[in-house]
Amino acid sequence: MALTKNREKARDIFAANMRRFRLAAGHSQETLAALCGLHRTYIGSVERGERNISIDNMEAIAHALKCSVAALVTGNGERS
25 MALTKNREKA RDIFAANMRR FRLAAGHSQE TLAALCGLHR TYIGSVERGE RNISIDNMEA
85 IAHALKCSVA ALVTGNGERS
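Numbering (my numbering), first residue to last: 25 to 104.
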């Protein structure tokens, strides 16, 4: 099933939600990286939608942001 031009990619939704939750928590990308055990440049590239992130890393980021993976991948970005 091909994505249409008007449909946002899951990667872009994840990136936008990740940034929103990170900023709401008052974390820099470097701080979030430390909380996740990931490199700060990786966090930045994920947040820009440049990376095809693994489920394990999604889980680490969600845990650090105190939200669910579902909250990071859904269009509404609520903390489920």
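Quick reminder that beta carbons are idealized off the backbone N, C-alpha and C, glycines included. Computed from a predicted model, the values in this text were never measured in an experiment.
Status (buried if at least 16 other CB within 10 Å, exposed otherwise) for residue i
| i | result |
| --- | --- |
| Asn76 | exposed |
| Arg46 | buried |
| Gly99 | exposed |
| Gly50 | exposed |
| Ala39 | buried |
C-alpha gap between residue i and residue j, whole angstroms
| i | j | result |
| --- | --- | --- |
| Asp80 | Ala48 | 23 Å |
| Gly61 | Glu32 | 28 Å |
| Arg44 | Cys91 | 12 Å |
| Ala88 | Ala94 | 14 Å |
Where residue i sits in the DSSP three-state scheme
| i | result |
| --- | --- |
| His63 | coil |
| Ile77 | coil |
Beta-carbon gap between residue i and residue j smaller than 8 Å
| i | j | result |
| --- | --- | --- |
| Met42 | Glu83 | no |
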